[in-house]
Amino acid sequence: MTVRKLQEKRGWAFNIAVPPLKPTLLATTRREWIGGENIPESGGFIIALNHISHADPLIAAHLVYDHGYKPRYLAKSGLFDNKALGFFLRGAGQIPVKRETKDAVGAYAAAVDAVRAGQCVVIYPEATITRDPDMWPMKGKSGAARIALETGCPVIPVGQWGAQEILAPYTKRPHLVPRHRVVMRVGPPVELEDLRAQPRTSAIVNQATDRIMAAITHQLELVRGETAPAERYDMAVRGDRFKKKKAN
């Protein structure tokens, strides 16, 4: 379902990854890309998605690649600790981030530079798989908003559904048969222009974050044909229902 040709050279890391991964995804999923025309044809931008499975990055990469871009992720720094994997991830242009540390500033700067260089940065604003019992998007973190306000780039919201059937949250055994339907619905850019002209206060950043999460949630509502809860799940208030599973 390739929509556009890749706009840049694949590079050695993508030359290694794409030949085995894309056929595997084609063979194990039934994909439905909706609203792909909302993905810019040129210039840097952010793709912001809800997070429902550890399989999400592969499927999001498929969407982005099919629309002519190599995806850049803000990836957990621990993934780079393995020398071989870290070498590969850096070769693929991925950005390590150490959460809640001063080093996170470097990841933010790298993401800003990537967007300004005309690249696509993929961000899951929830920063982790949703803990909402019905898998609706949670309260978001501010990274995508801050990058967008700094660069003026579009934030493209995506509501996705189906990856959790392939790999349920915090499980290790994928379910590849029968092929599962995976839907990614791409919405129009989030309206942030009025906020960009204002001082970069925490209130403005929070407002931009709320708009991004609302846009993602709206796209997911359209995919699921359901209405999301009026109040988004907040882990700081309601806790982590997967904590015991993660500890095992």
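Counting from 171, one number per residue, gives the positions in the sequence shown under my numbering. Ideal Cβ positions, reconstructed from N, Cα and C, are used throughout, including at glycine.
Is residue i helix, strand or coil by DSSP?
{"i": "Val375", "result": "helix"}
{"i": "Glu202", "result": "strand"}
{"i": "Arg301", "result": "coil"}
{"i": "Gln330", "result": "strand"}
{"i": "Ile222", "result": "coil"}
{"i": "Pro227", "result": "helix"}
{"i": "Glu343", "result": "Strictly speaking, residue 343 in this sequence is Arg, with Glu absent from that position. Coil, per DSSP."}
{"i": "Asn418", "result": "Residue confidence is low: Asn418 scores 39 on pLDDT, short of 50, so the model does not pin down where it sits. No coordinate-derived value is stated."}
Leaving aside the five residues before and after residue i along the sequence, list all residues of the same chain whose C-beta is less than 8 Å from its C-beta, in chain order.
{"i": "Ala314", "result": "Ile216, Ala218, Ile293, Pro295, Val325, Thr379 and Ile382"}
{"i": "Thr397", "result": "Glu391"}
{"i": "Asn208", "result": "Ile326, Val356, Gly357, Pro358 and Pro359"}
Between the alpha carbons of residue i and residue j, how many angstroms are there, rounded?
{"i": "Asn185", "j": "Pro241", "result": "14 Å"}
{"i": "Arg201", "j": "Gln368", "result": "40 Å"}
{"i": "Ile374", "j": "Gly205", "result": "28 Å"}
{"i": "Glu178", "j": "Gly288", "result": "10 Å"}
{"i": "Arg428", "j": "Leu319", "result": "Outside the modelled stretch of the chain, which goes from 171 to 418, sits residue 428, for which no answer is possible."}
{"i": "Asp302", "j": "Val328", "result": "18 Å"}
{"i": "Ile265", "j": "Gly214", "result": "16 Å"}
{"i": "Asp410", "j": "Leu365", "result": "32 Å"}
{"i": "Met354", "j": "Leu195", "result": "14 Å"}
{"i": "Leu348", "j": "Lys175", "result": "Per the sequence presented here, residue 348 reads as Pro, with Leu not at that position. Cα-Cα distance, rounded: 30 Å."}
{"i": "Ala406", "j": "Gly310", "result": "11 Å"}
Evaluate residue i with the Cβ neighbour count: other Cβ atoms within 10 Å of its Cβ, from every protein chain shown; 16 or more gives buried, anything less gives exposed.
{"i": "His345", "result": "exposed"}
{"i": "Asp404", "result": "exposed"}
{"i": "Val352", "result": "buried"}
{"i": "Trp182", "result": "exposed"}
{"i": "Phe257", "result": "exposed"}
{"i": "Asn252", "result": "exposed"}
{"i": "Ala225", "result": "buried"}
{"i": "Asp236", "result": "buried"}
{"i": "Val173", "result": "exposed"}
{"i": "Gly332", "result": "buried"}
Note down, in chain order, each residue of its chain lying with its Cβ closer than 7 Å to the Cβ of residue i, except the 5 sequence neighbours on either side.
{"i": "Gly395", "result": "none"}
{"i": "Glu335", "result": "His345 and His350"}
{"i": "Leu259", "result": "Ala245, Leu249 and Phe250"}
{"i": "Val188", "result": "Arg180"}
{"i": "Ala281", "result": "Leu244, Ile265, Val291 and Ile317"}
Near residue i, what residues of its chain come up, given a Cβ to Cβ distance below 6 Å and the 5 sequence neighbours on each side ignored?
{"i": "Ala284", "result": "Arg242 and Val291"}
{"i": "Ser312", "result": "Val375 and Thr379"}
{"i": "Ala417", "result": "Any reading at Ala417 needs caution, since the residue's pLDDT is 47, under 50, leaving its predicted position unreliable; the model's value is listed next. There are no such residues."}
{"i": "Met305", "result": "Ile222"}
Jot down the residue ranges of each uninterrupted alpha helix (DSSP H) in the region 240 to 319, minimum 4 residues, whole runs only, in chain order.
Listed in chain order, they are 253 to 261 and 274 to 286.
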